[in-house]
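Below you'll find the structure, written out as structure tokens, and then a few comments.
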Amino acid sequence: MKIEVFRSYYTVNTLVVPINEKDVFIVDPATEIPLEKKNPVAIVLTHGHFDHVMTLKALHEKYPSLPILIHELDAKYLGKDAIKAQSHILRDCSSTQILNMFTDMPDATGFLKEGDILFSDWKVLHTPGHSPGSICLLNEKEKILISGDTLFYGTYGRDDFYDSNPLDMAKSLRRLYELDSELSVYPGHDHVNFPLIFAGETR
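Under my numbering, think of the first position of the sequence shown as 4, with each following residue one higher.
Structure representation (structure tokens):
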């Protein structure tokens, strides 16, 4: 399986994930992506923070019928009240100058929960800590883990935001570390396609 990776100004990895020869789903739209000769069928958000939804509004305008899927606990980062929730994260990241980008955000059209199976092969893992509604996507057949901001190469996501939870993060990391160490990891930022054994600070 060839997952296409497009990196944003904030080093977010926007993923275009094939379902079959034609259909794809998009993970964390943070930058413009070429979709010629592809048929996008859904937008999946690993969580709702501003840097992972930078181009969600534009993508929704271009493909208004695409489902927007997120865990219910992070849905506050979308929709008409998005600017309130995003303002907390933007302040923590010293990026309040871009707050107006998040007015008139589209609403989620569906909620993801632990154990959901997407597009036949992708299992939703609810991995709170970085945010209450953070998720990962596990494809056991292809041995791929899309880890969002829960897990990076050699480290893990921040757990000092206003709605982060360090104890939840520790539990989520322990859960991921128990998975097959040969899984290829596609995190929300920076280095991609590395074995799980190289993720996090320790195994």
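We put the CB at the ideal spot given by N, CA and C, even for glycine.
Within 10 angstroms of its Cβ, does residue i collect 16 or more other Cβ (buried), or is it exposed?
i: Gly136; result: buried
i: Thr106; result: exposed
i: Asn23; result: exposed
i: Asp183; result: exposed
i: Gly132; result: buried
i: Phe201; result: exposed
i: Ile101; result: exposed
i: Thr205; result: Low local confidence applies: a pLDDT of 43 at Thr205 is under 50, so the model's placement there is unreliable, with the coordinate-based value given in what follows. So Thr205 ends up on the exposed side.
Could you work out which residue in the options is closest to residue i when comparing CA atoms only?
i: Ser97; options: Val27, Asp193, Tyr13, Val195; result: Tyr13
i: Leu141; options: Pro70, Lys174, Glu185; result: Glu185
i: Pro21; options: Gly160, Phe122, Glu143, Ser150; result: Phe122
i: Tyr159; options: Asp166, Tyr165, Ser150; result: Ser150
i: Pro43; options: Gly51, Ala61, Ser68, Asp54; result: Ser68
i: Asp110; options: Lys79, His129, Asn196; result: Lys79
i: Phe155; options: Met108, Glu35, Tyr180; result: Tyr180
Is there a Cβ of chain D sitting closer than 8 Å to that of residue i, yes or no?
i: Val19; result: Of the protein chains in the structure, only one exists, and it is not chain D.
Go to residue i, then tell me how far its beta strand (DSSP E) extends in each direction, as first and last residue.
i: Asp193; result: Premise fails: Asp193 is in no beta strand (DSSP E) and is neither H nor E.
i: Lys107; result: Reading the sequence as shown, one finds Asp at residue 107 and not Lys. No beta strand (DSSP E) holds Asp107; DSSP gives it neither H nor E.
i: Ala33; result: Per DSSP, Ala33 belongs to no beta strand (DSSP E) and is neither H nor E.
Below 8 Å on the Cβ atoms is my contact criterion, and I expect residue i with residue j to pass it. Report the Cβ-Cβ distance as a whole number of Å.
i: Val15; j: His192; result: 6 Å
i: Phe114; j: His74; result: 7 Å
i: Ile120; j: Leu128; result: No, Ile120 and Leu128 are not in contact; Cβ-Cβ is about 11 Å, not under 8 Å.
Residue ranges of each beta strand (DSSP E) run of no fewer than 3 residues wholly in the region 139-192, ordered along the chain?
-> Qualifying beta strand (DSSP E) stretches, in chain order: 147-151, 187-190.
Entirely within the region 54-132 and at least 3 residues each: give me those beta strand (DSSP E) ranges in chain order.
-> You should have 71-74, 113-115, 125-129.
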